[in-house]
Amino acid sequence: MVSFATRRGRISTVDAAKAAPPPSPLAPIDLTDHSQVAGVMNLAARIGDILLSSGTSNSDTKVQIQAVTAAYGLYYCHVDITLNTITIFTNIGVERKTPVSIFRVVHKLDTNFSKLSEVDRLIRSIQAGATPPEIAEKILDDLEQSPASYGFPTALAGWAAMGGAVAILLGGGWAVALMSFVTSGVIIGVATLLSRVGLPQFFQNVAGGFIATMPAAIAYSLALDYGLEIKPSQIIASGIIVLLAGLTLVQSLQDGITGAPVTASARFFETLLFTGGIVAGVGLGIQLSGAIGVMLPALETATAPNPASIAVRVVAGGVTAAAFAVGCYAEWSSVVIAGVTALVGSTIFYFMMSLGTGGVVAAAGAATAIGFAGGLLARRFLIPPLIVAIAGITPMLPGLSIYRGMYAALSEQTLIGFTNIAVALATASALAAGVVFGEWFARKLRRPPRIRPYRALIKATQFSFQELRDTENSRRTSRNKSPGR
């Protein structure tokens, strides 16, 4: 069977799920068999599990779950997603309706972009009618048991490189970049060890915030002795951004924008709690460094980057995104695409900053371009837009604003602290809104016709008391008119 993408030009998987017609009016499973219907629904829920745990929004996850069930003949399925639970419901049978429901819990966020890419290819294959349920089930079994595309040392190097690139992005020199490289690697390594022993993520973030602060304070003290200039705020902010990159702040705001307020509220609270762990760790580090006689310098006034450093920062933004993609086990083609997209986004960001638009507006403009590029690149290279979007906006995460707000609050500068925290929240909101708008605009270009499921099949799965009464009356009339009476 020729796929929809081949006949009408390349489109991303989620676009095809929203617009492509069903592959065939014939169901490849027995729609009257409870076990087969439940098996297909469970298959779709497992796919939704991987999508959600990778950070996919509720709306896109629902659409792709329904695309999988429709490809196997279940054209009417109600899908409900609330934070980490997936519920799928349908009715089977024509005369006697039997309800069937599946419930699945997504245990934790696992940003593994290699699995996300594999699932994306599986969904396209299912939609094309090329993968029967038993083969799809085997692919999912292998995918859940298989290791990542490369080992943890490579991913750890990606996180460390991300920290070093962020330091350059914030205006740091080679010494700051080297310190941030080492500190970020230690943060992720310790967090991974703590995760393996079952320590809750809140305490992992406390440890990460502490690790980000103490080496910066010690390096600042040693630099003063040797006449070197090191800004510890750049090292600390680099560690904060590395920790923030694994959270779902932007994704929670995306859920709120796309019509999932319950999930958005829960994710937002969870993110605030985990961010509070980072802030607590940074606060502990600041207090301990003062107790041992190492006083961090007062915060300098934030200044716009000068034209001479913009090119370096733009390149650092691209490296940051690519390194983050490596840390999340993305395929190498996705790493390159994410880096190039972030390079373009960073260029737009600093261009808008040079026009005097302000950081929040510039972040919104750059995120819109990244979301738009992600939607188009998903068609061209057939990779999930989520990979491009999350990696692309990583260089613009407000780590420095969070640190400045925390430090000001501890220094009894409440107004400055509140202002910086407000700027951080506004920047995160701008990033989320920009990505959603950019992806929406990309989907409007060369948009194929929307799906029109077979109404008779949908109606057949719905229960009606009126139809039941009419059927009983018809049977009663037939018996009364029979010759034997």
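With the first letter of the sequence shown counted as 1, position 453 gets the number 453 in the numbering used here; the numbers rise by one all the way through.
Beta carbons: idealized from backbone N, C-alpha and C, even for Gly.
Quick caveat, the model's predicted, so the values are computed rather than measured.
Note to self: For the stretch 192 to 210 against the stretch 265 to 278, do three or more pairs of beta-carbon atoms, one drawn from each stretch, fall closer than 8 angstroms, so that the two count as touching?
What the structure shows: yes
Note to self: Please report the straight-line C-alpha distance between Thr271 and His107, rounded to a whole angstrom.
What the structure shows: 16 angstroms
Next item on the list: State the start and end residues of the unbroken beta strand (DSSP E) segment that holds Ile86.
Entry: Counting along the chain, the unbroken beta strand (DSSP E) around Ile86 starts and ends at Thr85 to Ile92.
Next item on the list: Kindly indicate which residue of Ala330, Glu229 and Leu193 has the alpha-carbon position closest to the one of Val119.
Entry: Ala330
Checklist line | Residues of its chain near Ser238, where Cβ-Cβ distance is below 6 angstroms and the 5 sequence neighbours each way are ignored | finding: Excluding residues within five positions, the ones whose Cβ falls inside 6 angstroms are Gly163, Val166, Ala167 and Ser180.
Check: Does DSSP put Arg96 in a helix, a strand or coil?
Finding: coil
Item checked: 4-residue-minimum alpha helix (DSSP H) runs that sit fully inside the stretch 28 to 65, ordered along the chain -> The stretch 28 to 65 contains these whole alpha helix (DSSP H) runs: 34 to 53.
Note to self: Let's see if you can read the secondary structure: which residues bound the beta strand (DSSP E) around Thr82?
What the structure shows: Unbroken beta strand (DSSP E) run through Thr82: His78 to Thr82.
Next item on the list: Note down the Cα distance separating Ala342 from Ala321, rounded to an integer number of angstroms.
Entry: 6 angstroms
Check: To the nearest angstrom, how far is it from the Cα of Ala369 to the Cα of Gly55?
Finding: 20 angstroms
Item checked: Counterpart residues of Arg104 in DSSP-defined beta bridges -> Ile86
Check: Rounded to a whole number of angstroms, what is the C-alpha to C-alpha distance between Ile92 and Asp30?
Finding: Rounded to whole angstroms, the gap between the alpha carbons of Ile92 and Asp30 is 10 angstroms.
Check: Residues in its own chain within less than 6 angstroms of Ala442 by CB, not counting five upstream and five downstream?
Finding: Phe372, Gly375 and Leu376
Next item on the list: Please report the Cβ distance between Ala148 and Asn112, rounded to the nearest whole angstrom; I am assuming they are in contact, meaning their Cβ atoms lie under 8 angstroms.
Entry: 6 angstroms
Note to self: Spatial neighbours of Thr357 within its chain, please: C-beta separation below 8 angstroms, excluding the five flanking residues on both sides.
What the structure shows: If you ignore the 5 residues before and after Thr357, its C-beta comes within less than 8 angstroms of the C-beta of Gly365, all in its own chain and listed in chain order.
Checklist line | Spatially closest choice to Leu74 from Phe437, Ser59 and Ala44, by CA coordinates | finding: Ala44
Next item on the list: Using three-state DSSP, classify Met295 as helix, strand or coil.
Entry: coil
Checklist line | Of the listed residues Ala67, Ile390 and Leu284, nearest to Ser252 (C-alpha basis) | finding: Ranking Ala67, Ile390 and Leu284 by Cα distance to Ser252 puts Ile390 first.
Note to self: As an exercise, report each continuous alpha helix (DSSP H) stretch of at least 4 residues that is fully enclosed by the stretch 365 to 448, in chain order.
What the structure shows: 385 to 393, 399 to 410 and 414 to 444
Next item on the list: Would you check if the stretch 259 to 269 and the stretch 418 to 434 touch, i.e. whether three or more CB-CB distances between them fall below 8 angstroms?
Entry: no
Note to self: Please classify Arg380 as buried or exposed, where buried requires at least 16 other C-beta atoms within 10 Å of its C-beta.
What the structure shows: exposed
Item checked: Cβ distance (whole Å) where Leu122 is taken to contact Ile139 below 8 angstroms -> Confirmed, Cβ separation roughly 6 angstroms.
Notebook entry, point to check: Which residues in the same chain have their Cβ closer than 7 angstroms to the Cβ of Gln254, if we skip the five residues on either side of it in sequence?
Noted result: Ser57, Ala432, Val435 and Val436
Next item on the list: Have a look at Thr87 and Gly129 and give me their C-alpha separation to the nearest angstrom.
Entry: 24 angstroms
Margin query: Within a Cβ cutoff of 8 angstroms, which residues of the same chain sit near Gly185, ignoring the five residues on either side of it in sequence?
Written below: Leu156, Ala157, Trp159, Ala160 and Gly163
Item checked: Rounded separation between Ile257 and Ile218 - CA only -> So the alpha carbons of these two residues sit roughly 43 angstroms apart.
Next item on the list: Please report the residue range of the alpha helix (DSSP H) in which Asn112 lies.
Entry: Note, Asn112: premise wrong, no alpha helix (DSSP H); not H, not E.
Next item on the list: Please report how far the alpha carbon of Arg124 lies from the alpha carbon of Lys62, in whole angstroms.
Entry: For Arg124 and Lys62, the distance between alpha carbons rounds to 15 angstroms.
Item checked: Where the alpha helix (DSSP H) containing Ala323 begins and where it ends -> Pro307 to Gly327
Next item on the list: Let me know if Thr477 comes out buried or exposed under the rule of 16 or more other beta-carbons within 10 Å of its beta-carbon.
Entry: exposed
Next item on the list: Have a look at Thr183 and Leu244 and give me their C-alpha separation to the nearest angstrom.
Entry: 15 angstroms
Notebook entry, point to check: Terminal residues of the continuous alpha helix (DSSP H) containing Ala207?
Noted result: Gln201 to Asp225
Checklist line | Cβ-based neighbour list, Gly189, same chain, cut-off 8 angstroms, excluding 5 preceding and 5 following | finding: Leu156
Item checked: Lys231, buried or exposed, once every other Cβ within 10 Å from all chains shown has been counted against 16 -> buried
Checklist line | Continuous alpha helix (DSSP H) stretch holding Leu343: start and end | finding: Trp332 to Ser354
Checklist line | Buried/exposed call for Gln145, threshold 16 Cβ in 10 Å | finding: exposed
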